[in-house]
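Asker: Sharing a structure below in structure tokens format, with a few things to ask.
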């Protein structure tokens, strides 16, 4: 820990003098330095240096190396924060969310206090012109007026100008550490330092809290700190990896996202409705179940994929056999060979049916949170879902909280 900290004048750049250091010995060191993961990076470096100095047989006994798995962000969005004061008739205990139809703009606003002040985040693609620093305030105002008129009316020109000037902030990239979460017998890492995900479903913060809870349980249920740190690592390392892998699958762009996220979501929904006792809901719904672990969700979904493929294979095999028999019958009755025409018609009907279900999700710039909204909408909600329909703002402070409510806090 630093023993001497020198601060410059607040008007100047803040500096920290760490020339004077003192060593502190502790029974347990918990590293929770977030997405910077300075400790994890040092653990990776130290582990590599140690293994490089070992003989071949020593490496076999030592086991797998500690590493940080770093994914390139292939679906990057940036954001700018915006302070908002809600009208008195709007509920101030709700999360307000909205998006543009083309997926260009995502907007999320959370309560900052009980007085109607909120902190909003405007999410955009990295190359969007209004996502840049020192962008034109008039263009930013035009975007709000066009796609977020209710919120545009709540922002004065000074706020718009300040938001236009500020540089964008970046969402974290997906990362995890493996195969252990301890360094020696008295150091553990937890939180975003071991599992970094994008904040679409609240998995990062909630998982960090669960890390703390499980570390506490590990300490209380063992006799030594060595046993506690190793038990915590055994219980959370694989969970952290599964969390990041699942979250990343929900954020892939383009066609890859269609096949890793949207198609499985649709197939899961169909099978769950047909046989709810056999097939579980889609992955997003499973993430809401407190009794399910991330590894448990992954195992179950992989098992169900086998059943789904087998069921679909059996169905299409029977359909093909039935179609062949129908074609033979029609051929005998009509005297015509129309096998190709009939088979094409069957395939066309099936393709149209699937495309109708997929089409609602194929919106440019679609984010996981948007799919969650569409997937969770009931039959009675339809096109009037508040995240898809924007009503003109009433200048008399009409209560529009119901039109944008994302949920109670």
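Numbering (our numbering), first residue to last: 673 to 1081. Glycine is no exception: its CB is placed at the ideal position from the N, C-alpha and C atoms.
Are three or more beta carbon pairs between the region 724 to 731 and the region 918 to 928 nearer than 8 Å?
Answerer: no
Asker: Please name the residue in 961, 840, 705, 746 whose C-alpha comes closest to that of residue 804.
Answerer: Position 132 of the chain shown, counted from the first residue, corresponds to residue 804. Out of 961, 840, 705, 746, 840 has the C-alpha closest to the C-alpha of residue 804.
Asker: May I have the straight-line CA-CA distance separating residue 1051 from residue 943, to the nearest angstrom?
Answerer: Translated into the one-based positions of the chain shown, residue 1051 becomes position 379. Translated into the one-based positions of the chain shown, residue 943 becomes position 271. For residue 1051, the predicted model reports a pLDDT of 41, less than 50, meaning its position is unreliable and no value from the coordinates is stated.
Asker: Where does residue 1053 sit, in a helix, a strand or coil, going by DSSP?
Answerer: Counting from 1 along the chain shown, the entry for residue 1053 is found at position 381. Any reading at residue 1053 needs caution, since the residue's pLDDT is 39, under 50, leaving its predicted position unreliable; the model's value is listed next. Residue state, collapsed to three classes: coil.
Asker: Report the three-state DSSP secondary structure of residue 936 (helix, strand or coil).
Answerer: Within the chain shown, the letter at position 264 stands for residue 936. In this structure, residue 936 counts as helix in the three-state DSSP scheme.
Asker: Buried or exposed: where does residue 768 fall if 16 or more other Cβ atoms within 10 Å of its Cβ makes it buried?
Answerer: In the chain shown, the residue the question calls residue 768 occupies position 96. With 16 or more Cβ atoms within 10 Å of its Cβ, residue 768 is classed as buried.
Asker: Taking the beta strand (DSSP E) that residue 770 falls in, what are its first and last residues?
Answerer: For this step, residue 770 is matched to residue 98 along the chain shown. Start and end: 766 to 771.
Asker: With DSSP as the reference, identify every bridge partner of residue 750, one or two as the case may be.
Answerer: Mapped onto the chain shown, residue 750 falls at position 78. Per DSSP, 796, 842.
Asker: Going by beta carbon distance, what residues of the same chain come within less than 7 Å of residue 980, once the five residues before and after it are set aside?
Answerer: In the chain shown, counting from the first residue as 1, residue 980 sits at position 308. Only 939, 943 meet the Cβ criterion.
Asker: Compute the distance between the beta-carbons of residue 716 and residue 738, then report whether it is under 8 Å.
Answerer: Counting from 1 along the chain shown, the entry for residue 716 is found at position 44. Counting from 1 along the chain shown, the entry for residue 738 is found at position 66. For residue 716 and residue 738, yes; Cβs fall inside 8 Å.
Asker: Since residue 782 is in the beta strand (DSSP E), which residue starts that stretch and which ends it?
Answerer: In the chain shown, the residue the question calls residue 782 occupies position 110. From DSSP, the beta strand (DSSP E) with residue 782 extends over 778 to 783.
Asker: Using the three-state DSSP reduction, which class does residue 868 fall into: helix, strand or coil?
Answerer: Counted from its first residue, the chain shown places residue 868 at position 196. Note: residue 868 maps to strand in three-state DSSP.
Asker: By the three-class DSSP mapping on this structure, what secondary structure does residue 634 have?
Answerer: The structure shown does not extend to residue 634, since the chain spans only 673 to 1081, so no value can be given for it.
Asker: How would you call residue 870, buried or exposed, if buried means at least 16 neighbouring beta carbons within 10 angstroms?
Answerer: Counted from its first residue, the chain shown places residue 870 at position 198. With 16 or more other Cβ atoms from the protein chains shown falling within 10 Å of its own Cβ, residue 870 counts as buried.
Asker: Over the uninterrupted beta strand (DSSP E) stretch that includes residue 739, give me the two end residues.
Answerer: Numbered from its first residue, the chain shown carries residue 739 at position 67. Note, residue 739: beta strand (DSSP E), 739 to 742.
Asker: Give the DSSP-derived three-state secondary structure of residue 993 in the structure shown.
Answerer: On the chain shown, residue 993 is found 321 positions in, with the first residue counted as 1. In this structure, residue 993 counts as helix in the three-state DSSP scheme.
Asker: Mind checking who residue 790 pairs with in its DSSP beta bridge?
Answerer: The count along the chain shown starts at 1 and reaches residue 790 at position 118. Beta-bridge pairing links residue 790 to 756, 783.
Asker: From residue 765 to residue 783, what distance separates their C-alpha atoms?
Answerer: Looking up residue 765 in the chain shown gives position 93. Looking up residue 783 in the chain shown gives position 111. Residue 765 and residue 783 have their alpha carbons spaced roughly 6 Å apart.
Asker: With residue 847 as the anchor, note down where its beta strand (DSSP E) starts and where it stops.
Answerer: As a first step, residue 847 must be located in the chain shown, where it is residue number 175. Note, residue 847: beta strand (DSSP E), 847 to 850.
Asker: Considering only the alpha carbon of each residue, which of 734, 747, 693 lies closest to residue 925?
Answerer: Sequence index remark: in the chain shown, residue 925 carries index 253 (1-based). Ranking the options by Cα distance to residue 925, first place goes to 747.
Asker: For my contact list, residue 849 and residue 866 are in at a C-beta cut-off of 8 Å; report their separation, rounded to the angstrom.
Answerer: Your numbering for residue 849 matches position 177 in the chain shown. Your numbering for residue 866 matches position 194 in the chain shown. Indeed, because the Cβ distance is near 5 Å, the residues count as touching under 8 Å.
Asker: Let me know the secondary structure DSSP gives residue 947 once reduced to three states.
Answerer: The count along the chain shown starts at 1 and reaches residue 947 at position 275. The answer is coil: DSSP assigns residue 947 none of H, G, I, E or B.
Asker: Of all the options 857, 708, 817, which has the alpha carbon lying nearest to the alpha carbon of residue 895?
Answerer: Within the chain shown, the letter at position 223 stands for residue 895. It is 857.
Asker: Select from 720, 792, 722, 914 the residue whose C-alpha is nearest the C-alpha of residue 755.
Answerer: Residue 755 sits at position 83 when you count from the first residue of the chain shown. Minimum Cα distance to residue 755 is reached at 792.
Asker: What span of residues does the beta strand (DSSP E) with residue 652 cover, start to end?
Answerer: The question about residue 652 has no answer here: the residues shown for the chain are numbered 673 through 1081.
Asker: With the cut-off set at 8 Å, would you say residue 967 and residue 909 are in Cβ contact?
Answerer: For the purposes of this step, residue 967 is taken as the residue at position 295 of the chain shown. For the purposes of this step, residue 909 is taken as the residue at position 237 of the chain shown. Cβ atoms of residue 967 and residue 909: not closer than 8 Å.
Asker: Only counting the same chain, and skipping five residues up and downstream in sequence, which positions put a Cβ closer than 8 Å to that of residue 741?
Answerer: Sequence index remark: in the chain shown, residue 741 carries index 69 (1-based). Counting only Cβ-Cβ distances below 8 Å, and skipping sequence neighbours, we find 847, 848, 849, 850, 913, 916.
Asker: Just tell me which of 873, 701, 835, 1001 has its CA closest to the CA of residue 816.
Answerer: The residue given as residue 816 occupies position 144 in the chain shown. Here the closest residue by C-alpha is 835.
Asker: Determine, using beta carbons only, whether residue 796 and residue 777 come nearer to each other than 8 Å.
Answerer: Here residue 796 corresponds to residue number 124 of the chain shown, with the count starting at 1. Here residue 777 corresponds to residue number 105 of the chain shown, with the count starting at 1. Going by C-beta atoms, residue 796 is nearer than 8 Å to residue 777.
Asker: Quick one: Cα of residue 718 to Cα of residue 899, how far?
Answerer: Translated into positions along the chain shown, residue 718 becomes position 46. Translated into positions along the chain shown, residue 899 becomes position 227. Cα-Cα distance, rounded: 22 Å.
Asker: Could you check where the alpha helix (DSSP H) with residue 834 kicks off and where it finishes?
Answerer: The residue labelled residue 834 in the question sits at position 162 within the chain shown. It spans 829 to 837 - the alpha helix (DSSP H) in which residue 834 sits, taken as one unbroken run.
Asker: Beta-carbon within less than 7 Å of residue 902's beta-carbon, same chain only, minus the 5 sequence neighbours each way: which residues are those?
Answerer: Taking the first residue of the chain shown as 1, we reach residue 902 at position 230. So the list reads 854, once near-sequence residues are dropped.
Asker: Going by C-alpha to C-alpha distance, which of 987, 985, 952, 983 sits closest to residue 970?
Answerer: Taking the chain shown and counting its residues from 1, one reaches residue 970 at position 298. Ranking 987, 985, 952, 983 by Cα distance to residue 970 puts 952 first.
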